[in-house]
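Each remark here refers to the structure printed beneath this line.
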Amino acid sequence: MTSKIEQKTEGIGWKARGDYRVPQPLANFFPRIKHAIFLIPTVIRICLYTFREWLHGREAFIDIFHPMTSFKHAGVPIGGIGSGSIGTDLRGGFGRFSLIPGVKEQNQKNVKADQNHQNAVTVEDFDPTKNGSSLFHQLGEHGDVGRNQLLKSKVELAIAVCSSMTVASNNEQTTEFLLFWHMPIINFPVNSFKYKRRYTRLAGVGNDACVKLVKLAFGRKSEWKRKIEDWQNPIVENDSLPEWYRSAIFNELYYMTDGCSIWVEYDDKWRDVEKSISDETMQIFKEYGRFTYLESWEYFMCTTFDVHFYASWAVTNNWPMIELGIQLDFCDQIEREDLNVEKSMCEGKKMKIKSYARIPHDLGHPKIEPWTHINAYLLHDTADWKDLNMKFIISCLRVNKLILNSSGNLSEKQKHSILSRFYEGATLLMDKSMQAWDRDNDGIIENDGMADQTYDIWTMDGTSAYCGSLFLASLYSLLSLADELGKTEDAQKYRDQLNNAQGTFVKKLWNGKSDFLTFIF
Numbered sequence: 004m005t006s007k008i009e010q011k012t013e014g015i016g017w018k019a020r021g022d023y024r025v026p027q028p029l030a031n032f033f034p035r036i037k038h039a040i041f042l043i044p045t046v047i048r049i050c051l052y053t054f055r056e057w058l059h060g061r062e063a064f065i066d067i068f069h070p071m072t073s074f075k076h077a078g079v080p081i082g083g084i085g086s087g088s089i090g091t092d093l094r095g096g097f098g099r100f101s102l103i104p105g106v107k108e109q110n111q112k113n114v115k116a117d118q119n120h121q122n123a124v125t126v127e128d129f130d131p132t133k134n135g136s137s138l139f140h141q142l143g144e145h146g147d148v149g150r151n152q153l154l155k156s157k158v159e160l161a162i163a164v165c166s167s168m169t170v171a172s173n174n175e176q177t178t179e180f181l182l183f184w185h186m187p188i189i190n191f192p193v194n195s196f197k198y199k200r201r202y203t204r205l206a207g208v209g210n211d212a213c214v215k216l217v218k219l220a221f222g223r224k225s226e227w228k229r230k231i232e233d234w235q236n237p238i239v240e241n242d243s244l245p246e247w248y249r250s251a252i253f254n255e256l257y258y259m260t261d262g263c264s265i266w267v268e269y270d271d272k273w274r275d276v277e278k279s280i281s282d283e284t285m286q287i288f289k290e291y292g293r294f295t296y297l298e299s300w301e302y303f304m305c306t307t308f309d310v311h312f313y314a315s316w317a318v319t320n321n322w323p324m325i326e327l328g329i330q331l332d333f334c335d336q337i338e339r340e341d342l343n344v345e346k347s348m349c350e351g352k353k354m355k356i357k358s359y360a361r362i363p364h365d366l367g368h369p370k371i372e373p374w375t376h377i378n379a380y381l382l383h384d385t386a387d388w389k390d391l392n393m394k395f396i397i398s399c400l401r402v403n404k405l406i407l408n409s410s411g412n413l414s415e416k417q418k419h420s421i422l423s424r425f426y427e428g429a430t431l432l433m434d435k436s437m438q439a440w441d442r443d444n445d446g447i448i449e450n451d452g453m454a455d456q457t458y459d460i461w462t463m464d465g466t467s468a469y470c471g472s473l474f475l476a477s478l479y480s481l482l483s484l485a486d487e488l489g490k491t492e493d494a495q496k497y498r499d500q501l502n503n504a505q506g507t508f509v510k511k512l513w514n515g516k517s518d519f520l521t522f523i524f
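All residue numbers for the sequence shown refer to our numbering, where the first residue is 4 and numbers rise by one.
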């Protein structure tokens, strides 16, 4: 008999037998020789930088020596947001782990799980480095895994749990299994702080936290299931949407758990080191925690703003207060400076780690210390990037429209204070951007003939359709924010700038013959 869930998801997503094998494994990408030649200086600089970091007991922000491979049959990860996760394959095996912040253990040998819960329970310690034949022989012959006899030898330790029950004739029993891990306190290699994970607000940091979480999960599982279905059904049951889309739109969100996400409780000690944390940010962190996640498993950079700009639509719709915290976090970085000097990997020029009146590329390296050491990205000097400032300004309007104006969790005073904070930072970014990047004083910014934006091997020179359109959207965002704050003179100033910039943009880039924008002028 087909269950309701199976009926709803019939045809949606990808299904396979447990013995499925990928017919043709995907190979890692490697550039063509004619392209690779131009990358040689960059690769040499990255190798030298990686070796230097290794000598000092640190890791580079990208590991070019151990590239990750594609997963042949990855399944749903388990774990809460910011609490670590265990990835599964399509057979339910546990093969990927991100329990330690910033560390993704991929392609691990599966942890075998043959576990139930009810009535009688036996536990057996066994050596996971062997084939497990004695354990499964005991299970097959006697229906249990024997009694606990702790291994004396110094080997890896694994535990098998087996339960048994009596089922009357013509009856059935339902057994439920819960897996918890309790890692309440985390820290990073620099060890500036000890951080309490967000879930400790519910369970505390003591040894009894797992018991509290089990009781909470068993008590509210029906409610959680109902809320998940209420959330997913409008998409799953919408036949006007393609089947692949109805699956992908939810599957992509698993990265919030599986992307080495970190969600921690606020600590007043942060402000002793991070002087830039504003009162508005502190209030949001105290109530909703501080959140960050990796750009990808291969790039050790927390909340890279250039790509979070796109992911933030999903975060805004599903976790609006997390998104508000991220936006405030970046707002606090605008006036922050880090005068330490590094060399860019691509150009080989010296650069400041963080420049004044620039949005940082990221909030730091999880294998050093995020938040206290920002801008781990060293391929280019992101102070020259033309899209980061613009993306932040646009995000301010989006957060205002979709979060501040619709949130019942904030007082009107808080909303006004946060909006004013955003506006102050956004106007500073725009003023400094115009001074630095409008080289010909035509009212619109220009690129500098290098990879000075998110697409970091893609060079642009002069007015570009990509950065130019973001600039126009930023001016519109500023005049909208000025209108809402009652700053009529500012609003008119940005309206005039927008009208002028639009004319320049169309004049330089519009291709009347083909009815599209020329990419660069």
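The C-beta atom is built at its ideal place from N, Cα and C for all residues, glycine as well.
Residue environment, residue i, which counts as buried when at least 16 other CB atoms sit within 10 Å
i      : result
Arg200 : buried
Met348 : buried
Asn236 : exposed
Arg293 : buried
Asn502 : exposed
Lys18  : exposed
Lys230 : exposed
Met433 : buried
Ser243 : exposed
Trp273 : buried
Leu297 : buried
Tyr313 : exposed
Trp388 : buried
Lys394 : buried
Gly489 : exposed
Rounded distance between the beta-carbons of residue j and residue i, thought under 8 angstroms
i      : j      : result
Ala379 : Lys355 : Incorrect: roughly 14 angstroms between the Cβ atoms, too far for contact.
Glu291 : Ile325 : It should be pointed out that residue 291 corresponds to Tyr in this sequence rather than to Glu. Yes, they are in contact, since the Cβ atoms of Tyr291 and Ile325 sit about 7 angstroms apart, within 8 angstroms.
Thr176 : Met168 : Sequence check: residue 176 is Gln here, not Thr. Confirmed, Cβ separation roughly 5 angstroms.
Val276 : Ser195 : 6 angstroms
Arg361 : Asn392 : 7 angstroms
Pro363 : Cys305 : No, Pro363 and Cys305 are not in contact; Cβ-Cβ is about 10 angstroms, not under 8 angstroms.
Arg204 : Glu268 : 6 angstroms
Tyr257 : Pro80  : 6 angstroms
Leu422 : Leu484 : 7 angstroms
Ala454 : Thr462 : 5 angstroms
Alpha-carbon spacing of residue i relative to residue j, whole angstroms
i      : j      : result
Ala171 : Cys165 : 20 angstroms
Val217 : Ala317 : 29 angstroms
Asp464 : Cys50  : 29 angstroms
Leu512 : Leu431 : 28 angstroms
Leu405 : Thr319 : 7 angstroms
Leu327 : Phe100 : 28 angstroms
Pro323 : Phe54  : 41 angstroms
Pro26  : Tyr302 : 29 angstroms
Val239 : Ser250 : 8 angstroms
Glu232 : Ile252 : 14 angstroms
Leu381 : His69  : 19 angstroms
Pro63  : Ser299 : For clarity, residue 63 is Ala in the given sequence; the question names Pro instead. Roughly 14 angstroms separates the two Cα atoms.
Thr72  : Asn254 : 19 angstroms
Lys157 : Thr91  : Residue placement at Lys157 is poorly supported in this model, since its pLDDT is 49, which falls under 50; the coordinates are not used for a value here.
Pro369 : Leu520 : 40 angstroms
Leu154 : Ile287 : At Leu154 the pLDDT is 48, less than 50, meaning the model places this residue with poor confidence; the figure from the coordinates comes in the next sentence. About 48 angstroms.
Tyr198 : Val46  : 35 angstroms
Leu482 : Thr491 : 9 angstroms
Tyr458 : Ala429 : 23 angstroms
Asn210 : Gln456 : 48 angstroms
Ser436 : Ile448 : 8 angstroms
Unbroken alpha helix (DSSP H) run spanning residue i, endpoints
i      : result
Met304 : Looking at the DSSP string, Met304 is not in any alpha helix (DSSP H), and its letter there is neither H nor E.
Val344 : Premise fails: Val344 lies in the beta strand (DSSP E), Asp341 to Lys346, not in any alpha helix (DSSP H).
Ser101 : Segment Phe97 to Ser101 is the beta strand (DSSP E) holding Ser101; no alpha helix (DSSP H) there.
Met186 : Counting along the chain, Met186 falls outside any alpha helix (DSSP H), and DSSP gives it neither H nor E.
Thr45  : Ile36 to Leu58
Phe196 : Run containing Phe196: none; DSSP gives neither H nor E here.
Thr491 : Thr491 to Leu512
Arg361 : Note, Arg361: premise wrong, no alpha helix (DSSP H); not H, not E.
beta-carbon residue i near the ligand MG non-hydrogen atom, thresh 7 angstroms
i      : result
Ser281 : By its list of ligands, the structure shown contains no ligand whatsoever, and the ligand MG lies outside what it can speak to.
Residue range of the unbroken beta strand (DSSP E) whose run includes residue i
i      : result
Lys357 : Lys353 to Lys357
Trp266 : Ile265 to Val267
Asp91  : The sequence shown places Thr at residue 91, not Asp. Here the beta strand (DSSP E) through Thr91 covers Ser88 to Thr91.
Asn450 : Asn450 to Met453
Exercise. Are three or more beta carbon pairs between the stretch 388 to 407 and the stretch 79 to 98 nearer than 8 angstroms?
Worked result: no
For this session: Determine, using beta-carbon pairs with one atom in the stretch 178 to 191 and one in the stretch 98 to 106, whether at least three such pairs fall under 8 angstroms.
Result: yes
Exercise. Is there contact here, the stretch 440 to 447 with the stretch 487 to 498, by at least three beta-carbon pairs under 8 angstroms?
Worked result: no
For this session: Examine the Cβ distances between the stretch 459 to 479 and the stretch 412 to 419 and report whether three or more of them are shorter than 8 angstroms.
Result: no
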